[in-house]
Amino acid sequence: MQRVSHSGIIEPDRRAMESTVDEATAATGRRQLRRLETFLDVAYAVLFVDFIMYLPQTEDMAWTELPFGLVSLLIDNSLDLMRLVIAVGLTLISWNLTHKLLGPLGRTDAKHTLLTLLQLIFVCLFLFFAVADPALESVSSPAAQSLCLALSGFIGIAAWSYARNKGLTRADLSEQEKNEILRSAIIEPVTALLNTGFAFVGPGAWTAGWFVIPAILLGARRRVDRRRQRATVAGS
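Residue numbers (this note's numbering): 305 to 540.
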């Protein structure tokens, strides 16, 4: 659009130009968000495939001499398998957390994308420590695994907070819904952070911590919610 200045010169409408630029930026942000989500899905798929490489080896056919064949092989490696399953589960939780924080977004920008990729880097570091010492013979392995997942989760929350402050979220989200997203995402990194201490107690305590700590945190949150509801009812 154009407008005529006081001197009679035809000038472009600045507001229209700014609106066009904003729309183009938003469209670019939406495309970048779709590409980011696709890249993350592929990266996590590669991580899951990598876990398969650490299943008990069967190429030498030594399992044929065991009493129950492959079943005996799995039983003999049951502890390592259990920890591998936990590692896969934790990676799946990280993938779910990532999409929980990306789903409410309408678009992304360079800084938010950088934070999200940094979040993925710490998940990859978690995989490194998980497969390097599956028997948890060194305390550094479980401690580093917990710290990597904690940092990954907190970076994801920081990325969500940044996106919220920059107006990158979907327009149909209310403030209450945005608060609930942040509230529901905090359990995973807090669990990982608290479980770091159990790594120094022992492998068994650390393994159990992944089940016990979130149960305690969720129970505490429910009690707080009930108290708030009772206080709201009493106040009304």
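No residue lacks a Cβ here, since even glycine has one placed at the ideal position from N, Cα and C.
Because the structure is a prediction, the values reported are computed rather than measured.
Check: Taking the Cβ atom as the reference point for each residue, do Ala-463 and Leu-405 lie within a distance shorter than 8 Å?
Finding: The Cβ atoms of Ala-463 and Leu-405 lie closer than 8 Å to each other.
Next item on the list: Under 6 Å Cβ to Cβ from Leu-497, same chain only, skipping five residues before and after it: list those, please.
Entry: So the qualifying residues of the chain are Ala-454.
Checklist line | Complete runs of the alpha helix (DSSP H) confined to the segment 471–523 [at least 4 residues] | finding: Within the segment 471–523, the complete alpha helix (DSSP H) runs of at least 4 residues are 479–489 and 491–502.
Note to self: Could you check whether Phe-355 and Leu-388 sit closer than 8 Å to each other, using their CB atoms as the reference points?
What the structure shows: Taking 8 Å as the Cβ cut-off, Leu-388 and Phe-355 qualify as a contacting pair.
Note to self: I need the DSSP call for Leu-409, collapsed to helix, strand or coil.
What the structure shows: Strand.
Note to self: So, with DSSP's three-state summary, where would you put Leu-440?
What the structure shows: Three-state result, Leu-440: coil.
Next item on the list: Figure out for me which residue from Asn-483, Ala-330, Ala-538 and Arg-411 has the closest Cα to the Cα of Ala-467.
Entry: Closest option to Ala-467, Cα to Cα, is Arg-411.
Note to self: Can you tell me whether Asn-400 is helix, strand or coil according to DSSP?
What the structure shows: The answer is helix: DSSP assigns Asn-400 an H, G or I state.
Next item on the list: Grab me the residues of Cys-452's own chain with a C-beta within less than 6 Å of its C-beta, minus the 5 sequence neighbours each way, in chain order.
Entry: Within the same chain, Cys-452 has close Cβ partners Phe-426, Leu-429 and Phe-430.
Next item on the list: Measure the Cβ-Cβ separation of Asn-499 and Gly-513 and say whether it is below 8 Å.
Entry: Their beta carbons are under 8 Å apart, which means Asn-499 touches Gly-513 by this criterion.
Check: Would you say the segment 483–497 touches the segment 520–530, given that touching needs at least three Cβ pairs under 8 Å?
Finding: Yes, since at least three Cβ pairs between the segment 483–497 and the segment 520–530 fall closer than 8 Å, the two stretches touch.
Next item on the list: Under the assumption that Ala-448 contacts Phe-433 (Cβ atoms under 8 Å), give the Cβ distance between them as a whole number of angstroms.
Entry: Distance from Ala-448 to Phe-433 at the Cβ level is roughly 4 Å; contact confirmed, criterion being Cβ atoms closer than 8 Å.
Next item on the list: Would you please state the rounded distance, in angstroms, between the beta carbons of Leu-424 and Ala-347? I believe it to be under 8 Å.
Entry: Between the beta-carbon of Leu-424 and that of Ala-347 there is about 6 Å, and that keeps the pair under the 8 Å contact cut.
Check: Which residue from Phe-343, Gly-501, Gln-336 and Gly-506 puts its Cα closest to that of Glu-441?
Finding: Residue Gly-506 is the option with its Cα nearest to Glu-441.
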